[in-house]
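Undergrad: If you're matching positions, the sequence shown starts at 926 in the working numbering and goes up one per residue. Beta carbons: idealized from backbone N, C-alpha and C, even for Gly.
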Amino acid sequence: MQGMYTCLKRMMGGDMTMVNKIDGQLEFFKSKRGFFGDEVAQLGLKNKEPAQWWESYGGEHPELQNFAIRVLSLTCSSSGCERNWSAFEM
């Protein structure tokens, strides 16, 4: 979880008010309170891609919704790994 909070602080530009707000909203998600615990939202976990799920069901917590979609929209890169492996090929 520490990595998630490090990412959160960076993505919020160090705005601790926003970090605290998202942290509070995260408790609703983790404990499945509010619409996060709704039967439709729970079924959506099985039927939708993660970013699509957040777009559909995260509206009660817009700051957390925005953060989740931003994180899920990040692209992954293996270029760092490829550089490391190419060193072994010498």
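Once DSSP output is grouped into helix, strand and coil, what is the label at residue 932?
TA: Position 7 of the sequence shown, counted from the first residue, corresponds to residue 932. Three-state DSSP puts residue 932 in a helix.
Undergrad: Taking the C-alpha atoms as reference points, what is the distance between residue 970 and residue 931?
TA: As a working mapping, residue 970 is identified with position 45 in the sequence shown. As a working mapping, residue 931 is identified with position 6 in the sequence shown. Going from the Cα of residue 970 to the Cα of residue 931 covers about 26 Å.
Undergrad: How long is the line joining the alpha carbons of residue 981 and residue 948, rounded to whole angstroms?
TA: On the sequence shown, residue 981 is found 56 positions in, with the first residue counted as 1. On the sequence shown, residue 948 is found 23 positions in, with the first residue counted as 1. Their Cα atoms are separated by approximately 20 Å.
Undergrad: Taking Cβ positions, are residue 988 and residue 943 nearer each other than 8 Å?
TA: Stepping through the sequence shown from its first residue, residue 988 is reached at position 63. Stepping through the sequence shown from its first residue, residue 943 is reached at position 18. Against a cut-off of 8 Å, the Cβ pair of residue 943 and residue 988 comes out as a contact.
Undergrad: Classify residue 990: buried if its beta carbon has 16 or more other beta carbons within 10 angstroms, exposed otherwise.
TA: Taking the first residue of the sequence shown as 1, we reach residue 990 at position 65. When all chains shown are included, residue 990 counts as buried.
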